[in-house]
Each structure stands twice: as structure tokens, then as C-alpha cells.
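**Q** Dropping a structure here in C-alpha cells format, bear with me for questions.
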Amino acid sequence: MPPEQGSPTVRRLKLGQELRQLRERRGLTGARAAKELGWSPSKVSRIEAAKTKPSHDDVQAFAKLYKCDDGKLDELLGLLVDAYQRGWWEDYEGTLPGGYTRLLGLEAEATSQQNWEPQVVPGLLQTEDYAREVILASRGIVRITHSGVRSRVEARLDRQQRVLHRADPCILHIILDESALMRRFGEPSVMRAQMEHLIQLSVLPHVSVQVLPLESLHPVNTGAFIHLKFAAFDDVVYLEQLYNPRFVEDLEMVAGYETAFDHIRSEALDENESRVLIQRKAMMWGR
Numbered sequence: 130m131p132p133e134q135g136s137p138t139v140r141r142l143k144l145g146q147e148l149r150q151l152r153e154r155r156g157l158t159g160a161r162a163a164k165e166l167g168w169s170p171s172k173v174s175r176i177e178a179a180k181t182k183p184s185h186d187d188v189q190a191f192a193k194l195y196k197c198d199d200g201k202l203d204e205l206l207g208l209l210v211d212a213y214q215r216g217w218w219e220d221y222e223g224t225l226p227g228g229y230t231r232l233l234g235l236e237a238e239a240t241s242q243q244n245w246e247p248q249v250v251p252g253l254l255q256t257e258d259y260a261r262e263v264i265l266a267s268r269g270i271v272r273i274t275h276s277g278v279r280s281r282v283e284a285r286l287d288r289q290q291r292v293l294h295r296a297d298p299c300i301l302h303i304i305l306d307e308s309a310l311m312r313r314f315g316e317p318s319v320m321r322a323q324m325e326h327l328i329q330l331s332v333l334p335h336v337s338v339q340v341l342p343l344e345s346l347h348p349v350n351t352g353a354f355i356h357l358k359f360a361a362f363d364d365v366v367y368l369e370q371l372y373n374p375r376f377v378e379d380l381e382m383v384a385g386y387e388t389a390f391d392h393i394r395s396e397a398l399d400e401n402e403s404r405v406l407i408q409r410k411a412m413m414w415g416r
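The working numbering numbers the first residue of the sequence shown as 130 and each following residue consecutively.
Structure below.
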């Protein structure tokens with residue numbers, strides 16, 4: 130799978146970050162910049178936070194106010210063009226939560242990610258049958274049509290191809306709680322196939338899978354999270370929730386999640402021991 134030519138989600142965030150930094154270097158508050166531009170403060174704030182896509186004229190107005198040279202203006206306009214490109218995940222937007230599509234956009238350009246999952250096998254490592262059963266399990270709470278289930282499964286498989294098998298694959302370090310290997314979704318055959326799939330993926334050079342055994346000390350009481358790292362952008366943490374996923378971008382809080390992951394990793398089995406445990410679970414599901 131060829132690499133994405135710049136994720137529009139990341140480019141939008143990068144553009145907002147660049148505009149904020151330019152404003153701060155000029156010693157302007159958001160309110161003052163908005164007044165100089167004749168805009169509302171919320172417009173400046175939303176553009177900087179990547180919640181609103183600026184127009185070509187908006188970017189030129191920012192550049193003029195911040196006294197940018199032609200080279201910087203060209204850089205900003207280049208980010209703007211990329212921000213308006215269509216990402217592959219937009220084909221599924223009608224059936225995926227908005228926060229999840231933002232994750233896919235960020236993930237497209239992440240260089241590495243650390244994923245702690247205490248309940249289920251992470252989506253990037255799921256088989257098609259397991260993914261379908263996980264999605265069906267939530268239908269009693271979240272309303273999803275039959276076509277919606279099919280679309281979500283297809284999006285999950287598409288995501289796997291684009292992250293795991295692209296030319297410059299993202300480095301994945303995933304830690305599972307042992308209970309995630311024991312919680313049944315579908316028939317035992319589905320679980321056995323999922324365990325075998327986990328083992329196969331765990332030997333890929335860019336994938337690390339560890340298991341936190343039940344008898345280990347649990348050093349951090351937290352739900353699932355994904356810590357995304359980028360080459361030229363600040364780290365972001367994704368928190369999956371029942372309805373509205375949350376993104377953590379505050380640098381101090383992001384650092385806290387990195388420390389939490391390191392604590393969990395210190396109690397987890399190493400990769401070889403984890404594969405042995407997963408193989409034992411596969412045999413258990415095969416009985």
C-alpha cells in the first residue's frame with residue numbers, strides 16, 4: 130500500500146499550529162489578531178484549533194498581519210491545499226463517528242503509536258470475523274444498521290492495509306490485557322482464528338505485541354488509549370469512549386500517558402513470552 134501523500138487532517142492541524150505560532154511571535158492575542166483582521170475571536174480560535182478550514186483569502190490575511198515573507202506564505206498555502214484534499218477514510222464518514230475519522234486522518238501520517246487495550250483486541254490487529262462480532266456487540270447500545278456494520282468492518286480492514294502494509298509502515302507497540310484474549314466475541318472458532326492472527330502479526334518487524342498477565346500488578350488504572358507520534362507535529366493521544374472519542378493534545382497530559390504506557394510495559398510479558406501466552410489461549414479456544 131503506497132503512503133498517503135500528506136494527511137489532510139494533519140495538514141489542517143499543522144496549518145493551525147503554524148498560524149498560532151506566528152501570532153504569538155508577533156506578541157498578539159487571539160482577540161487582538163481578530164480585531165486587526167475584522168473577524169470574530171472565535172474564527173481565529175477555530176482556525177488555529179483546526180475546527181474550521183480557512184479560505185485562501187483568510188491565509189493571505191493572516192500572512193499579511195504577521196508580516197510573513199513570500200516563502201512562508203507559500204508554505205502556509207501549501208498546507209492549505211493539502212488540508213482540502215480528500216482522505217480515504219471520508220468514503221466511510223456516513224457510518225463512522227466523527228472522532229474516529231479524525232483518528233484515521235492522524236494515523237495516516239503518524240510515525241509510531243503506542244496502544245494500551247484492556248478489553249478487546251485493537252482494531253488494527255482484528256480479523257474480519259472478530260471485527261464484525263465486536264461491532265455487533267454494541268448494537269444494543271449504539272444504533273447501527275446492517276449496512277453500517279458492513280461499512281465499519283470494511284473501514285477497519287482498509288485501515289489495517291493502509292497502516293500495517295504501507296511502504297513506510299507506522300511503528301506499532303501494542304499492549305493487551307490478558308482478559309482481552311479471554312473475552313469471547315462470536316464462536317470459539319472466531320476467537321481461535323483471532324489468536325492465530327495476533328501471533329502472525331506480532332512477528333512483523335514494525336509490530337510489537339505484549340500482554341499484561343492477570344497475575345501482574347496493574348500500575349495504572351486507565352482505559353484504552355492510543356498515543357500517536359509524528360515527525361514534525363506534536364504528539365496526540367486518542368481516548369476511545371462509548372459515544373464521543375476524546376483527543377488529548379496538552380503536552381503535559383500527553384507526557385503523562387507516555388509515562389503510563391511505560392509503567393504498563395514494565396509489568397507486561399516480553400514479546401516472546403506474550404506469543405507463548407497467546408498460543409495457549411488459541412489452544413483454549415480450539416477445545
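Beta carbons: idealized from backbone N, C-alpha and C, even for Gly.
Taking just the CA atoms, how far does VAL263 sit from PHE314?
**A** Position 185 of the sequence shown holds residue 314. Position 134 of the sequence shown holds residue 263. Their backbone Cα atoms lie some 6 Å apart in a straight line.
**Q** What residue range is occupied by the uninterrupted alpha helix (DSSP H) comprising TRP245?
**A** Here residue 245 corresponds to residue number 116 of the sequence shown, with the count starting at 1. Premise fails: TRP245 lies in the beta strand (DSSP E), 241-246, not in any alpha helix (DSSP H).
**Q** With H, G and I counted as helix, E and B as strand and the rest as coil, what does DSSP make of GLN189?
**A** As a working note, residue 189 is residue 60 in the sequence shown. GLN189 falls in the helix class under three-state DSSP.
**Q** Tell me which same chain residues have a C-beta within less than 6 Å of the C-beta of LEU202, skipping the five on either side of it?
**A** Counting from 1 along the sequence shown, the entry for residue 202 is found at position 73. Result list for LEU202: ALA192, in chain order.
**Q** Provide the residue(s) that pair with ILE270 in DSSP beta bridges, ordered along the chain.
**A** Stepping through the sequence shown from its first residue, residue 270 is reached at position 141. Bridge partners of ILE270: none, in fact.
**Q** Are the CB atoms of ASP199 and ARG140 nearer to each other than 8 Å?
**A** Taking the first residue of the sequence shown as position 1, residue 199 is located at position 70. Taking the first residue of the sequence shown as position 1, residue 140 is located at position 11. Not a contact, by the Cβ cut-off of 8 Å.
**Q** Can you give me the Cβ contacts of PHE424 inside the same chain, cut-off strictly under 7 Å, excluding the 5 residues immediately before and after it?
**A** Residue 424 falls outside the range modelled here, since the chain spans only 130 to 416, and no answer is possible.
**Q** Determine the extent of the beta strand (DSSP E) in which HIS302 is found, giving its start and end residues.
**A** Stepping through the sequence shown from its first residue, residue 302 is reached at position 173. Its beta strand (DSSP E) spans residues 300-306.
**Q** Rank HIS335, GLN323, ARG404 by C-alpha distance to the C-alpha of THR240 and give the top, closest one.
**A** Counting from one through the sequence shown, the residue named residue 240 turns up at place 111. The option with the nearest alpha carbon to THR240 is HIS335.
**Q** Would you grab the beta carbon distance between LEU357 and GLU236 for me? Rounded to a whole angstrom, and I think it's under 8 Å.
**A** Locating residue 357 in the sequence shown gives position 228, counting from the first residue. Locating residue 236 in the sequence shown gives position 107, counting from the first residue. Indeed they touch by this definition, with Cβ atoms about 6 Å apart.
**Q** Note down the Cα distance separating VAL405 from VAL338, rounded to an integer number of angstroms.
**A** Residue numbering aside, residue 405 sits at position 276 when the sequence shown is read from its first letter. Residue numbering aside, residue 338 sits at position 209 when the sequence shown is read from its first letter. If you take the alpha carbons of VAL405 and VAL338, they lie about 12 Å apart.
**Q** For GLN242 and CYS197, which I take to be in contact (beta-carbon distance under 8 Å), what is that distance rounded to the nearest angstrom?
**A** As a working mapping, residue 242 is identified with position 113 in the sequence shown. As a working mapping, residue 197 is identified with position 68 in the sequence shown. Not quite, the Cβ-Cβ distance comes to about 33 Å (not below 8 Å), so this is no contact.
**Q** Within the segment 345-391, note down every full beta strand (DSSP E) run reaching 3 residues or more, in order along the chain.
**A** Segments of the beta strand (DSSP E) lying fully in the segment 345-391: 354-358, 365-368, 375-377.
**Q** With a threshold of 7 Å on Cβ separation, who are the neighbours of PRO170 within its own chain once the five nearest residues in sequence on each side are excluded?
**A** Position 41 of the sequence shown, counted from the start, is the residue given in the question as residue 170. So the list reads GLY159, ALA160, ALA163, once near-sequence residues are dropped.
**Q** When the Cα atoms are used, what is the spatial distance from VAL397 to ALA322?
**A** For the purposes of this step, residue 397 is identified with residue 268 of the sequence shown, where counting begins at 1. For the purposes of this step, residue 322 is identified with residue 193 of the sequence shown, where counting begins at 1. Reading the sequence as shown, one finds Ala at residue 397 and not Val. Between ALA397 and ALA322, the C-alpha separation is close to 23 Å.
**Q** Under a three-way DSSP split, which group does GLN323 fall into?
**A** Within the sequence shown, residue 323 is the residue found at index 194, counting from 1. GLN323: helix per DSSP, three-state reduction.
**Q** Between which two residues does the beta strand (DSSP E) holding GLN339 run?
**A** Within the sequence shown, numbered from 1, the residue matching residue 339 stands at position 210. Taken as a continuous stretch (DSSP letters only), the beta strand (DSSP E) holding GLN339 covers 336-341.
**Q** Only counting the same chain, and skipping five residues up and downstream in sequence, which positions put a Cβ closer than 7 Å to that of TYR229?
**A** Numbered from 1 along the sequence shown, position 100 holds the residue referred to as residue 229. Cβ within range, chain order: PRO374.
**Q** Let me confirm a value: PRO317 is counted as buried when at least 16 other C-beta atoms fall within 10 Å, else exposed. Which label applies?
**A** Walking along the sequence shown from the start, residue 317 turns up at place 188. By the neighbour-count rule (16 or more Cβ atoms within 10 Å), PRO317 is not buried but exposed.
**Q** For LEU341, tell me which candidate among GLN248, HIS185, GLU153 has the shortest Cα-Cα distance.
**A** One-based indexing of the sequence shown puts residue 341 at position 212. The residue with the shortest Cα to Cα distance from LEU341 is GLN248.
**Q** Between HIS275 and SER267, what straight-line distance do the alpha-carbon atoms span, to the nearest angstrom?
**A** For the purposes of this step, residue 275 is taken as the residue at position 146 of the sequence shown. For the purposes of this step, residue 267 is taken as the residue at position 138 of the sequence shown. Their Cα atoms are separated by approximately 13 Å.
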